[in-house]
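The block underneath contains the structure these notes are about, expressed in structure tokens.
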Amino acid sequence: MMIEVCKSKIHRVTVTQADLNYVGSITIDEELMDAANLFEHEKVQIVNINNGERLETYVIKGERNSGKICLNGPAARKVIVGDEVIIIAYAHIDAIEAKTFKPTIIFPDSSTNRLIK
9 MMIEVCKSKI HRVTVTQADL NYVGSITIDE ELMDAANLFE HEKVQIVNIN NGERLETYVI
69 KGERNSGKIC LNGPAARKVI VGDEVIIIAY AHIDAIEAKT FKPTIIFPDS STNRLIK
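Whatever position you read off the sequence shown (first residue = 1), add 8 for the numbering used here.
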């Protein structure tokens, strides 16, 4: 049996940009993507802490160390710059493997969207 589990999570980053005139997606600083084990074009769920909105989109690689978190296209209507969001990716894995699987979860500094070192 396969089940869906949390694979990767970026916990609490701040939206730095919302670009309605873009095809769609979320642009994420490449350093955060690497740390959270996220892949470009991977499907993610965005959870807006400020207004409770939840949406799904895919990841676009942003400039490394930029701190950029930008909701693009229609998703831009679900946030305002300054909102805090959680970004979650899921994976389907075997139920046996799920018993020992550990997701990659990072907790960046939400004021800068940079990794805490």
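Even glycine gets a Cβ: it sits at the ideal position worked out from N, Cα and C. Remember, it's a predicted structure, so these values are computed and weren't measured experimentally.
For residue i, is the classification buried or exposed, using 16 other Cβ atoms within 10 angstroms of its Cβ as the cut-off for buried?
i    : result
N56  : buried
G60  : exposed
A44  : buried
V52  : buried
V87  : buried
A103 : exposed
Report the option in the options whose CA atom is closest to the CA atom of residue i.
i    : options                : result
L79  : A106, M10, V23 and D42 : V23
L117 : G75, K107, P82 and V31 : Looking at the sequence provided, one finds Asp at residue 117 rather than Leu. D117 has its Cα closest to that of G75, out of G75, K107, P82 and V31.
T120 : Y30, D91 and Y98       : D91
I94  : I124, N29 and L40      : L40
Does DSSP put residue i in a helix, a strand or coil?
i    : result
I36  : strand
G60  : coil
E105 : helix
D91  : coil
M9   : coil
Legend entry - Segment contact, 8 Å Cβ cut-off, at least three pairs: the segment 9 to 29 with the segment 94 to 110: yes
Inset, instruction - Give a yes or no on contact between the segment 34 to 46 and the segment 61 to 75, applying the rule of three or more CB pairs nearer than 8 Å. - result: yes
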